[in-house]
Amino acid sequence: MLKGENWVRERTNRNDHPRITVYNRTYWKIPADSPYCGSSVDWAIRQAGWKHDIALATMARYWAQKKQYIVWNRYGGPTIRPDGRPMKPQRNDVVVFYQSGFWHIGLLEDWMEGSVHCKTVEGNTSDRGVLTVKKPTGKQGVYDEKIRNKKDIYCIVRPYIF
């Protein structure tokens, strides 16, 4: 899904790569140089042939509003299924971040059970915290294998309708 877009790098860190226009314009007709974390996730989900019913999917906070799709959250951990078993975050779940008034999303690559970290794939993010980048430059783009602390995650959402 989004991992295949790992080659996208902004030219001047102003949302100015031609591929960003594709993410932003394909489904939502928002300005080409708009922030694209949500539109790149939505684009990848649609490319995979999956559907969801998230209104305004380009805006990260809307992914957290569908309580029935949350499988994990920062305050309570895993959601408990009706049979009493906890749900486990899995690859391609939507990871929602929220800190100090700022929302951001990406896709889960690896939950890394037993670790305080997980791996994500994100658009509109920097190369800081990416395993394959030894000397981060701060260059914005689409990055996979970004290491994130689980305490920075607001919730993990599985909104897919197959």
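Position 47, counted from 1, in the sequence shown is what numbering that gives the first Met the number 0 calls 46; the numbers after and before it change by one each time, with no gaps. Even for Gly, the Cβ is constructed at its ideal location relative to N, Cα and C. Fair warning: this is a prediction, and the values are worked out from it, not measured in the lab.
Tell me the rounded alpha-carbon separation between G3 and V120. 10 Å
Taking just the CA atoms, how far does K134 sit from R10? 18 Å
Assign R147 to one of two classes, buried (16 or more other C-beta atoms within 10 Å of its C-beta) or exposed (fewer than that). When all chains shown are included, R147 counts as buried.
Please state whether the Cβ-Cβ distance between I155 and P88 is less than 7 Å. Closer than 7 Å, so yes.
Could you tell me the boundaries of the beta strand (DSSP E) in which N5 lies? Premise fails: N5 is in no beta strand (DSSP E) and is neither H nor E.
Measuring only the C-alpha atoms, how far is L107 from V95? 10 Å
Within a Cβ cutoff of 7 Å, which residues of the same chain sit near T131, ignoring the five residues on either side of it in sequence? E144, listed in sequence order.
Below 8 Å on the Cβ atoms is my contact criterion, and I expect P158 with W62 to pass it. Report the Cβ-Cβ distance as a whole number of Å. 7 Å
Would you call the CB atoms of Y35 and N123 closer than 7 Å? Yes. Within cutoff.
G140 bridges to which residues according to DSSP? According to DSSP, G140 bridges with R8, T124.
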